[in-house]
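Colleague: Below is a structure I'd like to ask you about.
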Amino acid sequence: MTEHISVLLIIIPLIAAPLMVIVNNTRFSWLVSLAVTAVCTYLSFVLMTDIQGGSEVHYAMGGWAPPWGIAYLIDPLNALVTFIVCLIALTTMIFARKSVDREIEAHAAPLFYAAFLLCFLGLVGICLTGDIFNMFVFLEISSLASYALIGMGKNRRALTASFHYLILGTLGATFFLLGIGMLLAATGTLNMQDLTGLLPAIENRPLLHTAFALIVVGLALKAAIFPLHLWLPNAYTYAPSTVSIFLSATSTKVALYALIRCLYDVFSFDYMLDSWLPQALLFIGTVAVIYGSWLAIGQNEVKKMLAYSSVAQIGYIVIGIGLLSDDGLRASLLHIFNHALMKGMLFMVAGVLVYRLNSTHYQSISGMGKRMPITFGAFIIGALSLIGVPGTVGFVSKWNLAQAALAQQQWMVVVVLLVGSLMAVIYCWKLIEVLYFQPASKSRISKVEQGGDSVARMPVGMIIAMWGLALLCIFFGFNTEMTLQGAQIAVDALYSARGITP
Amino acid sequence: MQDNLILRVIAKALIPIIFLYAFYVQFHGDFSPGGGFQAGVIFSTAILLYALVFGMDKAADVLTDKMLIGLASGGVLLYGGVGVASMLLGGNYLDYNVLADNPVTGQHIGIILIELGVGMTVASTMLLIFFSFARRMVFR
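Protein sequence lines, in the order shown, are assigned to chains A and B. Just so we're aligned: 485 in my numbering is position 485 of the first sequence, and the numbers increase by one with no gaps anywhere. Just so we're aligned: 60 in my numbering is position 60 of the second sequence, and the numbers increase by one with no gaps anywhere.
This is the structure we're talking about:
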């Protein structure tokens with residue numbers, strides 16, 4: 001049964017999405033999406049515990065044996081990332097109902113849920129597949145769905161943001177595809193395990209270097225790594241809240257997973273060591289942390305501030321990848337998990353603001369801290385976690401990253417980590433000051449159920465989803481064993497598959 | 001273009017042939033180049049030709065948006081359903097061998113059904129794209 005789980009995770013949303021389009025009923029669509037994501041979360045959890053327990057899953061699509069057919073190969077690394085995607089999708093769906101009712105036009109809402117499930121299935125597919133061309137296909141499925149989702153935002157600028165993302169995302173996907181084509185030309189196979197075995201023999205061919213460069217640049221565009229992050233802030237800002245939550249927490253993370261998979265697994269560790277890439281990644285990561293944080297300080301709109309903070313947080317993950325050690329990679333994986341939790345939760349806070357106050361601009365939410373204690377209580381936990389205060393998940397991953405950097409005497413990285421955290425204090429404090437220490441500009445929250453542009457009561461689903469993630473942020477901040485062990489097992493598997501003992 | 005007699009006569013003569021060709025490509029997909037994707041595009045061009053010559057409204061009367069959306073989703077469901085059926089019969093996902101007693105027959109059934117699903121989705125999606133660009137589309 002465990003074998004079939006790997007493919008069920010993709011089939012269930014694939015069957016559910018067209019059903020929702022045919023039935024065309026908003027409530028039905030939400031219920032189905034909730035059920036699908038809940039089932040997928042359960043299945044991926046079972047899969048992850050099974051894989052971490054030592055079993056291995058090879059799944060041959062259509063019964064065709066691996067080098068020829070598409071094979072799904074599940075190891076601890078992609079089992080972990082899959083679980084993250086499913087968990088975030090589930091909490092997003094718990095949050096979504098009222099938010100979608102308010103932000104998406106009624107006739108488009110069933111299609112919205114269908115596109116959401118397609119995006120979800122694309123991201124899960126990227127994680128699970130063991131075939132590099134199949135990975136490209138899923139990358140396109142998730143990207144196309146997310147362009148449509150972002151374009152559904154209420155603000156008309158959502159359309160330009162979506163178009164901007166479409167152009168850059170397609171460029172990235174094209175680079176990735178060209179790289180894959182060159183790999184196929186050089187080796188004659190698309191199976192990642194097969195590629196791993198075949199590549200060392202042709203290590204010095206220029207074709208391979210070109211493929212390497214194209215794949216790295218293409219995936220970096222998708223992952224919004226620093227100089228290629230331009231699509232991200234507007235896309236996250238103008239997308240519907242539900243979409244910002246899901247994409248900010250998962251899509252860049254999955255692209256980073258694909259990058260890790262290609263760098264560490266497809267191309268050999270030694271190949272990377274000989275190239276300029278590790279130094280470049282370290283440099284880019286450090287610049288991203290400073291640049292993203294700097295721009296986040298300057299924003300006066302919650303979603304945009306969070307988006308630029310994402311650019312900075314992606315920088316931390318890139319630094320971990322660039323350190324080229326098992327500790328660094330472990331810190332990266334930890335941060336992928338932890339950042340998904342906290343950014344998802346922070347974007348939920350922004351979603352509640354849109355729902356209740358119809359605005360996320362600083363001036364229109366000033367003084368609201370005391371009036372919306374439940375929302376901003378969660379925000380403060382998220383902010384502390386972004387800064388990296390002990391007791392939150394942010395601290396765990398930053399501490400691990402700092403240790404990994406110290407082990408390699410990368411003093412610059414340690415300094416940047418500190419400076420980045422200080423800058424996070426500034427941009428979070430700026431919002432906290434607006435919320436708690438400035439007089440309320442307008443008393444827009446009233447006791448009526450619904451009226452004008454404010455809504456008084458917060459839906460239960462939103463509270464559950466937001467505080468669920470907030471409590472997870474604290475839980476994994478204290479109980480580090482589970483996440484650390486998961487990341488450690490994933491790194492060990494990646495290293496031992498390459499025959500290197502860390 | 002409704003007034004142009006030559007266009008109307010030629011279109012009327014061509015449309016059945018295009019349909020026939022589409023079905024040929026569809027059902028020979030398992031032996032020769034072709035298959036659902038190409039067949040779907042060819043099939044939709046016949047209707048596009050009809051819509052261009054005889055007017056959008058007449059084409060839309062026959063193929064309503066609701067029906068096209070249903071067909072597009074139905075194709076995906078058919079594709080996914082064949083995969084699930086093969087799983088329920090004890091094979092891997094999309095393993096056609098188990099669909100019949102004889103693996104070769106199973107492969108035939110599987111490929112034909114899958115390509116049918118692809119053809120349905122591609123043809124109706126092409127038409128949906130054309131219709132929604134040609135006029136404002138309203139769901140329901």
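Cβ atoms here follow ideal geometry from the backbone N, Cα and C, with glycine treated the same way.
1) Are A/Gly153 and A/Val39 close, meaning C-beta to C-beta below 9 Å?
2) Quick check for students: name the residue ranges of the alpha helix (DSSP H) that lie wholly in the region 170-236 of chain A, counting only runs of 4 or more.
3) Anyone know if the C-beta pair for A/Gly391 and A/Leu384 falls short of 9 Å?
4) Anything in chain A within Cβ reach of B/Met87, meaning under 9 Å, just list it in chain order.
5) Do you know offhand how far A/Ile245's Cα is from A/Leu386's?
6) Would A/Leu435 and A/Ser366 qualify as a contact pair, given that the criterion is a beta-carbon distance under 9 Å?
7) If you follow the beta strand (DSSP E) that A/Tyr59 is in, where does it begin and where does it stop?
8) Just to confirm the assignment, what range does the alpha helix (DSSP H) spanning A/Ile514 have?
9) Mind checking which residues open and close the alpha helix (DSSP H) that includes A/Leu123?
10) Output yes if chain A places a C-beta closer than 9 Å to the C-beta of B/Asn92; else output no.
11) As a quick exercise: from B/Leu49, B/Phe43, B/Ala22 and B/Gly29, pick the residue whose alpha carbon is nearest that of B/Ile10.
12) Should A/Gln438 be counted as a contact of the ligand SAM given a C-beta to heavy atom distance under 8 Å?
13) In the DSSP assignment, the beta strand (DSSP E) including A/Ala440 goes from what residue to what residue?
14) Taking the alpha helix (DSSP H) that B/Ala100 falls in, what are its first and last residues?
15) Starting from A/Phe73 and walking both ways along the beta strand (DSSP E), at which residues does that stretch end?
16) Applying the criterion that 16 or more other CB atoms from any shown protein chain within 10 Å of the CB defines a buried residue, is A/Asp274 buried or exposed?
17) Run through chain B and tell me which residues come within less than 7 Å of A/Tyr316, C-beta to C-beta.
18) Quick check on this structure: which residue in A/Glu105, A/Gly322, A/Ile5 and A/Tyr308 has the alpha carbon closest to the alpha carbon of A/Gln410?
19) Can you check whether the C-beta of A/Tyr147 is within less than 9 Å of a C-beta belonging to chain B?
20) Provide the residue span of the alpha helix (DSSP H) that contains A/Gly394, from first to last.
21) Determine the contact status of A/Cys86 and A/Leu9, defining contact as a CB-CB distance below 9 Å.
22) Return the CA-CA distance between A/Ala65 and A/Thr187, expressed in angstroms with no decimal places.
23) Measure from the C-beta of B/Ile109 to each C-beta in chain A and report whether the shortest distance is under 9 Å.
24) Which residues mark the beginning and the end of the alpha helix (DSSP H) in which A/His335 is found?
25) Below 8 Å on C-beta distance, what does A/Ile141 contact in chain B?
26) When the Cα atoms are used, what is the spatial distance from A/Val23 to B/Gly81?
27) Roughly how far, in whole angstroms, is the beta-carbon of A/Ile141 from the beta-carbon of A/Gly125, given that I think they are within contact range, below 8 Å?
28) Thinking C-beta only, is B/Leu99 closer than 9 Å to B/Gly117?
29) Closer than 9 Å, CB to CB, is B/Leu184 near chain A or not?
30) Mind listing the chain B neighbours of A/Met61? Cutoff is C-beta to C-beta under 7 Å, in chain order.
31) Does any C-beta atom of chain B lie closer than 9 Å to the C-beta of A/Leu14?
32) Roughly how many angstroms separate the alpha carbons of A/Ser6 and B/Val84, rounded to a whole number?
33) Using a beta-carbon distance below 9 Å, is A/Leu329 in contact with chain B?
34) Could you give the DSSP three-state label for A/His361: helix, strand or coil?
35) Nearest by alpha-carbon distance to A/Met135: which of A/Ala211, A/Ile84, A/Ala161 and A/Leu219 is it?
36) Tell me the residue span of the alpha helix (DSSP H) that contains A/Ala17.
Modeller: The short version:
1) no
2) 192-198 and 206-223
3) yes
4) His4, Val7, Leu8 and Ile11
5) 16 Å
6) yes
7) Val57 to Ala60
8) Since the first residue shown for chain A is 1 and the last is 502, residue 514 of chain A is missing from the structure and cannot be characterised.
9) Ala109 to Leu128
10) yes
11) B/Leu49
12) For the ligand SAM, the structure offers nothing, since it holds no ligand at all.
13) Taken as a continuous stretch (DSSP letters only), A/Ala440 belongs to no beta strand (DSSP E), as it is neither H nor E.
14) Here B/Ala100 belongs to no alpha helix (DSSP H), and DSSP marks it neither H nor E.
15) Correcting the residue type first, residue 73 of chain A is Leu in the shown sequence and not Phe. Looking at the DSSP string, the run of the beta strand (DSSP E) that includes A/Leu73 is Ala71 to Ile74.
16) exposed
17) Within 7 Å Cβ-Cβ: nothing; A/Tyr316 doesn't reach chain B, min ~37 Å.
18) A/Gly322
19) no
20) Val393 to Ala407
21) yes
22) 18 Å
23) no
24) Asp326 to Leu357
25) Correct list: empty, because the minimum Cβ distance to chain B is about 12 Å.
26) 17 Å
27) 7 Å
28) no
29) Here chain B has residues from 1 to 140 only, and residue 184 of chain B is not among them.
30) Asn92, Tyr93 and Leu94
31) yes
32) 14 Å
33) no
34) strand
35) A/Leu219
36) Thr2 to Val23
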